[in-house]
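S.K.: Please see the structure below; I have some questions.
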Amino acid sequence: MEQFAIGLWGCYFGTAFLMLVASVFAFTRSVRRLAINAAFWALASIVFALTFLGILPVDSLGEQMRFQAHVAVLMAALLAYMLLSVLNIFRRPAHLQRAAAGLAIFAAALLMGGWFFPPQQALELSVAAACLLAVAGLGFGVRSAVNGDRLAWLASFGVFFMLVALVGLSWIALNGAAANWPVHAVSAATATAYLVCMAWVVWSRYSFLLLLHEVMAQGPSYDPVTRMHLYTHLGHMTGSAPRHARDDSVPLGVIVVSIGNLYALQKLYGLPALNYAMFVSAGRLRDTVPANVELGRLADDGFLLWVRNCQDSGQLIALAHTVRARLSRAMALHLNAELGLPASRQARWVADVGVGVLRVPHVDSHATSTVDRGRGMSRTAWSFPSRVAWYDETSGEITGLPAAALG
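Structure (structure tokens):
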């Protein structure tokens with residue numbers, strides 16, 4: 005059973021490591037606030053656990069307890085400040101600064117006062133202070149949750165798990181080898197649960213910064229619903245085509261997708277339902293198309309796909325059929341909160357998809373008319389059983405193209 009406890013500690017440190025990796029990813033995306041919060045939370049938790057497990061190399065038991073006392077005070081103060089920050093307990097920055105100053109004075113007083121006691125008593129005093137801060141944090145979290153902050157409930161559960169883990173780690177630090185494996189197992193499990201809860205809270209609170217970064221980078225042409233480039237009018241096509249795709253010798257494949265029943269969906273269930281349908285459809289598109297395809301939202305009811313270096317029209321048509329099949333799958337509209345409907349009355353909705361496909365030799369001054377023609381073809385495709393319309397350059401006609409015609 006001791007191996008079970010070791011495995012739980014491995015799960016805890018693995019979770020903390022994943023938080024560090026996620027913070028590095030957030031930092032590379034210029035979301036520094038999210039990165040700093042996640043990194044500090046993970047590092048503080050790792051240092052706290054390593055210190056109280058006695059893994060750090062310290063010469064004597066007295067020095068180890070003295071070091072554990074210092075770490076307990078510093079990490080508890082730091083984590084308390086981060087909890088106050090992420091929960092927005094204090095609306096005004098000046099109040100948060102005062103709270104930070106108070107925590108700093110409290111920690112400094114404990115650090116200096118601990119030297120007037122033997123190492124074990126200093127550790128017990130520091131652990132008691134850390135538990136006091138955890139209880140205070142739990143009280144702040146519950147108060148915020150009662151006032152309507154739903155994330156505060158999750159944070160409160162996280163602080164409760166931390167309090168249990170703190171008691172278990174303190175027992176391990178004070179008793180050393182006498183602490184049996186159930187104490188290690190409970191401490192590791194609750195510490196992991198604490199990390200998961202706080203990671204979820206931090207992500208939920210600051211993940212909007214990722215979207216804000218994209219909006220600031222791309223400007224008003226960015227569509228936050230589909231997380232794609234938004235083409236408000238067809239003239240944007242020429243400037244957005246890939247530079248290497250403008251060579252006259254490189255043909256382009258154009259696929260325009262139009263969804264015919266979005267207006268009816270909005271009238272039945274409102275704008276949230278329409279946005280949800282477009283969000284899900286955009287996600288399905290990303291999962292379907294290969295890497296050499298540029299995606300964008302076109303107007304209010306469609307998508308545009310640019311296929312680079314489209315030498316094979318057969319592959320272009322096959323992709324169009326795949327896109328049509330993927331977007332035509334039924335989706336459940338999870339809009340209980342917005343619509344006030346019980347789960348049993350949630351609607352299952354199927355997009356009425358029309359796909360227009362054409363292949364052009366190059367992007368030129370007629371790019372806008374090319375996309376305009378593609379939009380018209382996608383609407384014409386609604387009248388074909390296959391829902392896929394192909395422009396035949398030889399005959400100059402728009403024809404429906406069933407999947408069986410690929411062979």
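Residue numbers (this note's numbering): 5 to 411.
Ideal Cβ positions, reconstructed from N, Cα and C, are used throughout, including at glycine.
On the criterion of 16 or more Cβ atoms from any shown chain inside 10 Å, does S399 qualify as buried, or is it exposed?
M.R.: exposed
S.K.: Nearest to A193 by CA position, among A48, F17, V206, T384, is which residue?
M.R.: F17
S.K.: Who are the near neighbours of G300 in its chain, counting only those whose CB is closer than 6 Å to its CB and skipping five residues on each side?
M.R.: Annotation for G300: M232, H233, Y235, L308 place their beta carbon closer than 6 Å to its own, counting only its chain and skipping 5 residues before and after.
S.K.: Quick check: L302 and A281, are their CB atoms within less than 8 Å of each other?
M.R.: no
S.K.: Under 8 Å, do Y210 and G162 count as touching if we go by C-beta distance?
M.R.: no
S.K.: How about the region 288-296 and the region 328-335: do they share at least three Cβ pairs that are nearer than 8 Å?
M.R.: Segment contact: the region 288-296 against the region 328-335, three or more CB-CB distances shorter than 8 Å; contact assigned.
S.K.: Contact defined as beta carbons within less than 8 Å: I believe L173 pairs with S191. What is the distance between those atoms, to the nearest angstrom?
M.R.: 5 Å
S.K.: Tell me whether L142 sits in a helix, a strand or coil according to DSSP, three-state version.
M.R.: helix
S.K.: What number of angstroms, rounded off, separates the C-alpha of E401 from the C-alpha of V25?
M.R.: 54 Å
S.K.: Give me the Cα-Cα distance between V1 and F283, rounded to the nearest whole angstrom.
M.R.: Absent from the model: residue 1. The displayed extent of the chain is 5 to 411, so no value can be given.
S.K.: What are the boundary residues of the beta strand (DSSP E) that includes F307?
M.R.: 306-311
S.K.: Quick one: which unbroken alpha helix (DSSP H) runs of 4-plus residues sit fully inside the region 149-200? Chain order, please.
M.R.: 154-179
S.K.: Can you list, in chain order, the residues of its chain whose CB lies under 6 Å from that of W13, leaving out five sequence neighbours each side?
M.R.: A192
S.K.: Could you check what DSSP says for S262 in three-state terms: helix, strand or coil?
M.R.: strand
S.K.: Quick one: give me the first and last residue of the beta strand (DSSP E) that V357 is part of.
M.R.: Looking at the DSSP string, the run of the beta strand (DSSP E) that includes V357 is 357-364.
S.K.: Rounded to whole angstroms, what is the Cα-Cα separation between M79 and A53?
M.R.: Cα-Cα distance, rounded: 11 Å.
S.K.: Within the chosen definition, does the region 122-133 reach the region 55-74 through at least 3 CB pairs nearer than 8 Å?
M.R.: Enough Cβ pairs lie closer than 8 Å, so yes.
S.K.: So who's on the other strand from E298, going by DSSP bridges?
M.R.: W310
S.K.: Let me know if A84 comes out buried or exposed under the rule of 16 or more other beta-carbons within 10 Å of its beta-carbon.
M.R.: buried
S.K.: Could you tell me the boundaries of the alpha helix (DSSP H) in which D291 lies?
M.R.: Unbroken alpha helix (DSSP H) run through D291: 275-292.
S.K.: Please tell me whether W185 and A9 are closer than 8 Å, where the distance is taken between their beta carbons.
M.R.: yes
S.K.: Just to confirm before moving on: does the CB-CB distance between A385 and V375 stay below 8 Å?
M.R.: no
S.K.: Here's the rule: buried if 16 or more other CB atoms are within 10 angstroms of the residue's CB, otherwise exposed. What is T32?
M.R.: exposed
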